[in-house]
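All remarks here apply to the structure that follows.
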Amino acid sequence: MAKSEEKKHDVAIHWFRNGLRFHDNPCLLDACQKSESLLPIYVVDPEFPFAQTAGCRAGTIRANFLLESINEVDEKLRKMGSQLVVVLGKSHEVLPEIVATTQAKALFYEQEAAAPVREQDAETIQAIKNRLKRDGKNYECKFEAYATHTLHPMERYLAQCKDHTAPSTYGSFTKIFNKMSVAKEVNEVKEVPSLPNKSVKLLEKSFAEALRMPTLKDLGYTAAADDMKNSGKGGYAFAGGENAAIELLAKNMARSQWVATFEKPKTSPNDATRPSTTALSP
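Everything in the sequence shown is counted per the UniProt record's numbering, starting at 1 for the first residue and increasing by one.
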């Protein structure tokens, strides 16, 4: 059967992670094209919110930045007739419940590059399989993982290395990278499949107060969101969301001389008054 004729999933889930955007998002684009109904979700661990390292909470500035980003995703989805369902909990605990409740036939998500997070993802996937088996579900959930947090999957880099050993210097890495082509940008997502409203109502019943868009205070941060934009109160005027990122990226790329002579060791990224990097995110 041709790709265009493939049967679409009745209900699928798109698990938003770092790819909080609609431009050049292969995972989201495929989820939309392969699904009749799509549930966009974002999971926040209230104990260790937005952790980049296991067991470590994100700093307040970064947490506020990410909250702004997921709020913008929700706003854009609502304009398309959908919404972002935010769940408070640990992914290996809440995702099995979500998949079982919605009877989702596919879970689309971005694969992490870091080994510890991949281990957590494997635990989550296994927990979903165990839940469906325990419940005696007569269907399987297909897991669609996309290695799009980096320009190339880590395995592709290692495949270019002698004995599959990663390079130890930046110069060695650039030699490998320069041999590899960059994938073409995919179309922007401007339409999304309808929300499985019946499933959302069931989730609201199952998760109750855990199904909501949290605030900094909800996640245990004491600073106010407005303070995070005030350098006098230890903040930094980072603007979360795809729109701000695209605007900032365009401004930086217009500085052709700066781009051509950029040297990371000579930057001062923590200088709040005049950042010498792109300052795309905290």
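Heads up, the beta-carbon is just placed ideally off N, CA and C, and yes, glycines get one too.
Could you compute how far the alpha carbon of residue i sits from the alpha carbon of residue j?
{"i": "Asp10", "j": "Ser35", "result": "6 Å"}
{"i": "Gln111", "j": "Glu123", "result": "13 Å"}
{"i": "Ala279", "j": "Ser172", "result": "27 Å"}
{"i": "Phe143", "j": "Gln126", "result": "11 Å"}
{"i": "Asn18", "j": "Met253", "result": "22 Å"}
{"i": "Leu20", "j": "Thr148", "result": "12 Å"}
{"i": "Ser276", "j": "Ile70", "result": "26 Å"}
{"i": "His152", "j": "Ala145", "result": "14 Å"}
{"i": "His92", "j": "Ile246", "result": "33 Å"}
{"i": "Lys205", "j": "Arg212", "result": "12 Å"}
{"i": "Gly81", "j": "Ile13", "result": "16 Å"}
{"i": "Lys175", "j": "Ala113", "result": "21 Å"}
{"i": "Leu107", "j": "Leu39", "result": "10 Å"}
{"i": "Asp218", "j": "Gln120", "result": "24 Å"}
{"i": "Asp163", "j": "Pro116", "result": "23 Å"}
{"i": "Phe79", "j": "Tyr157", "result": "According to the sequence displayed, residue 79 carries Lys and not Phe. Cα to Cα, the separation comes out at about 39 Å."}
{"i": "Ser4", "j": "Asp30", "result": "Here the model assigns Ser4 a pLDDT of 49, short of 50, so the residue's position is not dependable and the matter cannot be decided."}
{"i": "Cys141", "j": "Thr261", "result": "48 Å"}
{"i": "Ala51", "j": "Ala58", "result": "5 Å"}
{"i": "Cys56", "j": "Lys184", "result": "35 Å"}
{"i": "Lys201", "j": "Glu242", "result": "29 Å"}
{"i": "Pro96", "j": "Glu209", "result": "18 Å"}
{"i": "Met1", "j": "Thr102", "result": "With a pLDDT of only 39 at Met1, under the threshold of 50, the placement of this residue in the model should not be trusted; the figure read from the coordinates follows. In a straight line, the C-alpha of Met1 is about 27 Å away from that of Thr102."}
Any idea what DSSP makes of residue i, helix, strand or coil?
{"i": "Ser91", "result": "helix"}
{"i": "Phe22", "result": "coil"}
{"i": "Asp10", "result": "strand"}
{"i": "Glu204", "result": "helix"}
{"i": "Phe65", "result": "helix"}
{"i": "Ser194", "result": "strand"}
{"i": "Glu247", "result": "helix"}
Smallest Cα separation from residue i: which of the options?
{"i": "Asp24", "options": "Ser276, Gln83, Lys190", "result": "Lys190"}
{"i": "Ala224", "options": "Asp45, Ala250, Thr60, Ala31", "result": "Thr60"}
{"i": "Leu216", "options": "Gln160, Ser194, Leu203, Phe65", "result": "Phe65"}
{"i": "Leu88", "options": "Ser256, Leu203, Ser268, Asn243", "result": "Leu203"}
{"i": "Pro196", "options": "Arg255, Val99, Pro265", "result": "Val99"}
Mark residue i as exposed unless 16 or more other C-beta atoms lie within 10 angstroms of its C-beta, in which case mark it buried.
{"i": "Val182", "result": "exposed"}
{"i": "Lys179", "result": "exposed"}
{"i": "Val259", "result": "exposed"}
{"i": "Tyr139", "result": "exposed"}
{"i": "Gly240", "result": "buried"}
{"i": "Asp74", "result": "buried"}
{"i": "Tyr42", "result": "buried"}
{"i": "Lys7", "result": "exposed"}
{"i": "Ala104", "result": "buried"}
{"i": "Arg62", "result": "buried"}
Ignoring anything shorter than 3 residues, give me the beta strand (DSSP E) runs that lie fully in the region 142 to 185, in order along the chain.
Within the region 142 to 185, the complete beta strand (DSSP E) runs of at least 3 residues are 142 to 146.
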